[in-house]
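**Q**
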Amino acid sequence: MRDSAGVVICGAGIGGIAVAYFLANRFDVTDVILVDERPPLSLTSDKSTECYRNWWPGPGNAMVCMMNRSLDLLEELAESYHNCFHLNCRGYLYTTSDLGRICDLEGFGREAESLGAGKLRIHDQWKKNDYQPHSANGYKKALHGADLITDQALIRKHFPYLSEQIVAVMHVRRAGWLSAQQYGMLLLEEAKKRGLKLVRDQVTGVRLADGCVSAVLLASGKVIQTEVFVNAAGPLLAEVGAMLGVDLPVHHELHHKSSIEDTAGAVGRDAPLLIDIDRQFLTWQEEEREWLVREPDTAWLLEEMPSGAHLRPEGSASARTVLMLWDLHNEKVSPELPAPVDDFSAEVSLRGLTKMLPGMQTYHSRMPKPYIDSGYYTKTEENRPLAGKMGVPGAYLIGAMSGFGIMASAALGELTAAHIAGAPLPDYGPAFSLDRYQDPAYQALLADWGGTWQL
Ligand SMILES: Cc1cc2nc3c(=O)[nH]c(=O)nc-3n(C[C@H](O)[C@H](O)[C@H](O)COP(=O)(O)OP(=O)(O)OC[C@H]3O[C@@H](n4cnc5c(N)ncnc54)[C@H](O)[C@@H]3O)c2cc1C
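FYI, in my numbering the residues of the sequence shown are 711 to 1165.
1. Between the beta-carbon of Ala827 and the beta-carbon of Gly855, is there less than 8 Å?
2. Hey, quick one: how far does the beta strand (DSSP E) through Arg910 stretch, first residue to last?
3. Can you tell me which residues form a DSSP beta bridge with Ser930?
4. Which residue from Leu744, Ser780, Val960, Val956 puts its Cα closest to that of Gly905?
5. With distance defined between alpha-carbon atoms, name the residue in Gly1104, Asp988, Leu928, Pro1023 nearest to Arg712.
6. Answer yes or no: the CB of Gln912 versus the heavy atoms of ligand 1, is any distance below 7 Å?
7. Just verifying my parser: in three-state terms, what is the DSSP assignment at Tyr849?
8. Note down, in chain order, each residue of its chain lying with its Cβ closer than 6 Å to the Cβ of Ala1097, except the 5 sequence neighbours on either side.
9. Measuring only the C-alpha atoms, how far is Trp766 from Val916?
10. State the beta-bridge partners of Val879 as determined by DSSP.
11. Under 8 Å by Cβ, that's how I've got Ile1116 and Val940 pegged, so tell me the actual separation to the nearest angstrom.
12. Using a Cβ-Cβ cutoff of less than 6 Å, which residues in the same chain neighbour Met880 once the five nearest sequence positions on both sides are dropped?
13. I'd like the span of the alpha helix (DSSP H) that includes Arg779, first residue to last.
14. For Cys761, which option in Pro1134, Phe1114, Ser1119 has the closest C-alpha, if you only look at C-alpha atoms?
15. Whole angstroms are fine: how far does the CA of Val977 sit from the CA of Asp861?
16. Of the residues Gln1148, Val956, Cys813, Ala822, which one's Cα is nearest the Cα of Thr1162?
17. What does the alpha-carbon distance come out to for the pair Asn1093 and Gln1153?
18. Return helix, strand or coil for Trp887, following the three-state DSSP convention.
19. What's the C-alpha gap between Ser1084 and Gln875?
20. Out of Gly1139, Phe869, Lys838, which one is the CA nearest neighbour of Ile985?
21. Less than 8 Å between C-beta atoms, sequence neighbours within five positions excluded: which residues of the same chain meet that for Glu1014?
22. Kindly confirm or deny that the stretch 739 to 758 and the stretch 896 to 913 touch, where touching means at least three C-beta pairs closer than 8 Å.
23. Nearest to Pro1068 by CA position, among Gly1018, Ala722, Leu872, His1129, is which residue?
24. Do Phe732 and ligand 1 come close, with the Cβ less than 7 Å from some heavy atom?
25. Counting pairs of Cβ atoms below 8 Å between the stretch 1034 to 1046 and the stretch 1054 to 1072, do you hit three or more?
26. Assign Leu983 to one of three DSSP states: helix, strand, or coil.
27. Could you round the C-beta distance between Trp887 and Leu983 to whole angstroms and report it? I think they count as a contact, below 8 Å.
28. Consider the C-beta atom of Thr754 and the heavy atoms of ligand 1; say whether any pair is separated by less than 7 Å.
29. Please work out which residues of its chain come closer than 7 Å, Cβ to Cβ, to Pro1045, disregarding the five sequence neighbours upstream and downstream, and give them in chain order.
30. Buried or exposed: where does Pro1095 fall if 16 or more other Cβ atoms within 10 Å of its Cβ makes it buried?
31. Determine the contact status of Ala981 and Arg1022, defining contact as a CB-CB distance below 8 Å.
32. Could you tell me whether the stretch 1073 to 1084 touches the stretch 952 to 968, using the rule of 3 or more Cβ pairs below 8 Å?
33. Should Met776 and Tyr1138 be called a contact, given that it needs their Cβ atoms to be closer than 8 Å?
34. So, for Gln891: in the same chain, excluding its five sequence neighbours on each side, which residues have a beta-carbon less than 7 Å away from its beta-carbon?
35. Helix, strand or coil for Phe1114? Go by DSSP, reduced to three states.
36. Assuming the contact rule is C-beta atoms closer than 8 Å, Arg883 and Gly768 should be a hit. Round their C-beta distance to whole Å, please.
If you want it as structure tokens, here you go:
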């Protein structure tokens, strides 16, 4: 192994790999070593639902502009590499059974439109129906903006698997999913072709000389001389920040994703990502209630549950797999690696999805064997990422990508690489810098931050 490099990146998740790719391919910085103690993309980046959207709230339009840029880059890559990572544009479909929530949906649509996510179109029973359905595959026919549909016939025609109680849906159009593993490996292989070296080791320290990065220390005892270090350590971002004496303002939430085989065909194979925006009480049999209420660990399942149960089909039209998620526990936790799995999460998600997808009822009495994954959302207080300088000369970071790291990785990788290369930065750059927290105006904004539209 070489004992010096122009840049050393710690972490071969999607963040570190994206920085390596853009350094090599956009800025011709090729003398780069990527260090990870685990196989590439194996800690958090392979736990993702692999979805993307350009629908993000304010304040300001930085999130929407950054995601639009990221999606432009994803589409360019799909075009250049024959869509080898299966980018689709099926959209996200937010659903409600509550007439009172239609104006909330319209409000979200107007906000997203004003921030640059595309036009809001309304389809009710009085207007000429010009709703354009999505394609199940491919990314080329993507509409932007969103369609708010309250015309019941239109909802039943295009989404026949939804409950008849659903009174409105919002179809967000610059949204869908991709194979994150194939996308990440494409970036990694392309960066390797330009000179990137991948090293299996653990970063244990960063040496400074005159206050600037001078070397990276590895668990194997090796030392790599370098003047540029990138912290892309995912859930270990703060630990690696501490190696340089930098206190990074991040916390963690544990999230679960379950998959089952939908043998009864409760969901159309061409469905978009389906999200229930209503709060709800789960339905249980009388004897189940009696059992649940007795245990402190399960009694909460009888209380009102939050919104946000979501699901998407996974695989080809002939496959049966569906992915299910429902973020019920957003408490701050210390990351334990590997992330623990809650065996009950699949059944709870399935029951939470049944209100929106009544066909799932069939699995209540005979739950299909689930496969459950878990990982951490590493987040800042306001759920915006960190990309750029880390406060010590020669040190950079990319992280706190929460539940949007796959979709944002291209733009944030490009942004971090631009900082390193000293290239001009996009207008949204300062919104994701660590030093935004030094700005009193930003501190004032934080005190009154609105929703984050987390999924
Ligand atoms: C359940 C779930 C669903 C999600 N769904 C989506 C989604 O639909 N869309 C989306 O865009 N995002 C989604 N995400 C978020 C996305 O997966 C993450 O934001 C992203 O993977 C984070 O990437 P990362 O590179 O920062 O971290 P990681 O993938 O965790 O990579 C960090 C790497 O750093 C390495 N490392 C750490 N410390 C050291 C050290 N000292 N030395 C060497 N190596 C080190 C680790 O081994 C690891 O490989 C989801 C996440 C979860 C958990």
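Heads up, the beta-carbon is just placed ideally off N, CA and C, and yes, glycines get one too.
**A** Once the coordinates are examined:
1. yes
2. 907 to 910
3. Per DSSP, none; premise fails for Ser930.
4. Leu744
5. Leu928
6. yes
7. coil
8. Ile1108, Leu1122, Leu1125, Thr1126, Phe1142
9. 36 Å
10. Thr805, Ile859
11. The pair is not a contact, with the Cβ atoms about 19 Å apart (cut-off 8 Å).
12. Tyr804, Leu815, Ala856, Leu858
13. 772 to 790
14. Phe1114
15. 21 Å
16. Ala822
17. 14 Å
18. strand
19. 32 Å
20. Phe869
21. Arg989, Gln990, Phe991
22. yes
23. Leu872
24. no
25. yes
26. strand
27. 7 Å
28. yes
29. Pro945, His962, Tyr1086
30. buried
31. yes
32. yes
33. yes
34. Leu751, Asp756
35. coil
36. Contact doesn't hold; Cβ gap of about 20 Å is too wide.
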